[in-house]
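Contents: one structure, followed by commentary.
There are 2 protein chains.
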Amino acid sequence: MAPAIVLVEPQLGENIGFAARAMGNFGLGDLRLVAPRDGWPNEKACAAAAVAEPIASGAKVFETVAAALADCNYVVAATARPREMVKPVFSPETAAVGLRKRAQSGERCAVMFGGERNGLDNDSIALADAILTAPVDPGCASLSLPQAVLLFSYEWMKGGNPEGLGRITSFDGPAREGLATPGTGPATRASLFGLFDHMEGALDAAGFLRPPEKRPAMVRSIRNMFHRMACTEQDVRTWRGIIAALTRHSAASKG
Amino acid sequence: MAPAIVLVEPQLGENIGFAARAMGNFGLGDLRLVAPRDGWPNEKACAAAAVAEPIASGAKVFETVAAALADCNYVVAATARPREMVKPVFSPETAAVGLRKRAQSGERCAVMFGGERNGLDNDSIALADAILTAPVDPGCASLSLPQAVLLFSYEWMKGGNPEGLGRITSFDGPAREGLATPGTGPATRASLFGLFDHMEGALDAAGFLRPPEKRPAMVRSIRNMFHRMACTEQDVRTWRGIIAALTRHSAASKG
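Line by line, the protein sequences give chains U and Y. Numbering-wise (UniProt numbering), the first sequence opens with residue 1 and increments by one. Numbering-wise (UniProt numbering), the second sequence opens with residue 1 and increments by one.
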């Protein structure tokens, strides 16, 4: 079961909503609030959550940190510095990997974040098993509350080896890393060599590949540009069309 | 040189500020804006940037995408779906690793993000070398503009193998992954075995480790609890104090 996100004494409704949206973007849904400053429900939170509005409106509210954590087996506290606590310290990535293993063993886990002004107090951190701290520029270390929630949520999703990237729509499947070649595919060498013949023939006819002693190096250079382009079959057809059009235009001009 | 972040037709000043803060958190500083809707400078942007206000107020403004990218050698466009483009697709992590290598070779790079409403249009994406897409829940895939900037910025910082985590203050050095043991250190086995003797002696005297045939298993169980606790030297002293206090209290009660 995916970990709960516990916001302790959050102040701005917008930030609660932005945090809910970050959770939704990365497959988390259990949002818990401890004593939100402006009460609950909060219209600004639901508006800021945008597509994740159900996560914001479904947040559970508790009076104390202990009550919010009562059903959890393992709790990580997010803080920008480990304070004077003897506790394991995790980066977002390591925390996410560890929490995924615990979740797979049936443990209910939570990640706890403090309010905007001061973060978690030491008594709240003392109720957690471990500390979560992000790698930041030490001179500009203060993450906003929703940004901190996002980092953990993103690493949670990454650790689940998602099958794709980005949005899936009725006309787009999930994206994958690597060269996207929608509706076409990488060109075969035969297509590419055909293009080379076409191009080099046209350039010879135009008198471009001169003087003869420089021709081999010029040809290699042009071929290498085409290789770096990683042409698809469609690209090869496009280039053949370009060469034919330029050749015709040139012939017509002369005529 | 660290990559520039280019926001194309951003709408809300707050989001420009939040993006600037995310950049500052992770060591980026070159913010470029193409035709921001509400003009520039923008007070809301500078306020939202918080600690990264200098990044927001130092943003460079351009009229066109082409002008904003003119000095760049390599450009990545962030979009939730690769559209009908034949382009390499990178996750934030892969993009950050690749851009770091290019930066180390002296290339000037940029990562380009679209406005809140529709993201980048196809003509802007066609000015980029590659596409950046995050692993998201496909049912809730819409990242906010500052959250999208944060993911790339975070991976950029991670790829630089930062030396520590979190904030550095006058009284805290950088945190590191692993067990934080401020002012103390992991206990030696000798200290721990001394604690075991103390504890087991007190429990024998109190008649807890009975019946005798169950004593070995009870002792192993208690010792294992202490091992899982990963005691520091200070923890061992604390436990010895606890045992002594409870023993005294018990003796006093009986007396």
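For each residue, glycine too, the CB sits at the ideal point set by N, CA and C. This structure is a prediction, so every number in the text was calculated from the model and none was measured.
Q: Output the residue ranges of the alpha helix (DSSP H) runs that lie fully inside the UniProt domain "tRNA/rRNA methyltransferase SpoU type" (4 to 154) of chain U and measure 4 residues or longer, sorted by chain position.
A: 13 to 25, 43 to 49, 53 to 57, 65 to 69, 92 to 104, 122 to 125
Q: Look at V75(Y) and A175(U) and say whether their C-beta atoms are less than 7 Å apart.
A: no
Q. Is the segment 19 to 39 of chain U touching the segment 56 to 71 of chain U, taking contact as three or more C-beta pairs under 8 Å?
A. yes
Q) Whose Cβ in chain Y lies nearer than 8 Å to the Cβ of C46(U)? A) Correct list: empty, because the minimum Cβ distance to chain Y is about 15 Å.
**Q.** Contact list for I168(Y) against chain U, beta-carbon separation under 9 Å
**A.** R81, P138, G139, A141
**Q.** Assumed close pair N15(Y), L145(Y) - CB separation to whole angstroms, cut-off 8 Å
**A.** 5 Å
(Q) I want to know whether the segment 195 to 207 of chain U touches the segment 235 to 251 of chain U - three or more CB-CB distances under 8 Å. (A) yes
Q. Under 7 Å Cβ-Cβ, which residues of chain Y neighbour D121(U)?
A. Those within 7 Å of D121(U) in chain Y number zero; the least Cβ separation is about 16 Å.
Q.
What would DSSP say about P186(Y), mapped onto helix, strand or coil?
A. strand
Q: Say whether the segment 31 to 48 of chain Y touches the segment 118 to 137 of chain U, bearing in mind that this needs 3 or more beta-carbon pairs closer than 8 Å, one atom from each stretch.
A: no
**Q.** Rounded separation between L143(Y) and L151(U) - CA only
**A.** 12 Å
Q.
Looking at the secondary structure, which residues open and close the beta strand (DSSP E) in which A180(U) lies?
A. 178 to 180
Q: Give the single residue among R117(U), Y154(U), M85(U), A68(U) whose Cα lies nearest to the Cα of G183(Y).
A: M85(U)
Q. Apart from the five residues just before and just after V136(U), which ones in its own chain have a Cβ nearer than 7 Å to its Cβ?
A. L143
Q) What whole-angstrom Cβ distance do S91(Y) and E155(U) have, given they're in contact under 8 Å? A) So it is not a contact: roughly 12 Å between Cβ atoms.
Q) Closer than 7 Å, CB to CB, is L151(U) near chain Y or not? A) yes
Q | Beta-bridge partners of L203(U), as assigned by DSSP | A | L203(U) pairs with nothing; no bridge assigned.
Q. If you measure from the beta carbon of F77(Y) to each beta carbon in chain U, is any gap under 7 Å?
A. Correcting the residue identity first, residue 77(Y) is Ala in this sequence and not Phe. No, its Cβ sits nowhere closer than 7 Å to a Cβ of chain U.
Q.
With H, G and I counted as helix, E and B as strand and the rest as coil, what does DSSP make of T232(Y)?
A. strand
Q. Cβ of M157(Y) within 7 Å of Cβ of G24(Y)?
A. no
Q.
Just to check my reading of the structure: E107(U) and N73(U) have Cβ atoms closer than 8 Å, yes? What is that Cβ distance to the nearest angstrom?
A. 4 Å
**Q.** Nearest residue (CA-CA) to residue 332(U), options D123(U), A80(U), K101(U), E116(U)
**A.** Limits of chain U in this structure are 1 at one end and 255 at the other, which puts residue 332(U) out of reach.
Q. What residues from the segment 22 to 36 of chain U come within 7 Å of chain Y, judged by C-beta to C-beta, listed N to C?
A. A22, G24, N25, F26, G27
Q: Report the neighbours of E84(Y) on chain U: residues whose CB is nearer than 8 Å to its CB, in chain order.
A: P182, G183
Q. In the structure shown, what three-state DSSP assignment does A175(U) receive?
A. strand
Q) Is there at least one Cβ from chain Y nearer than 7 Å to T94(U)'s Cβ? A) yes
Q: Whole angstroms is fine: what's the gap from H249(Y)'s alpha carbon to A66(U)'s?
A: 30 Å
Q) Can you give the Cα-Cα distance for C140(U) and A96(U), rounded to whole angstroms? A) 24 Å
Q.
Does any residue of chain U have a CB that is nearer than 7 Å to the CB of D204(Y)?
A. no
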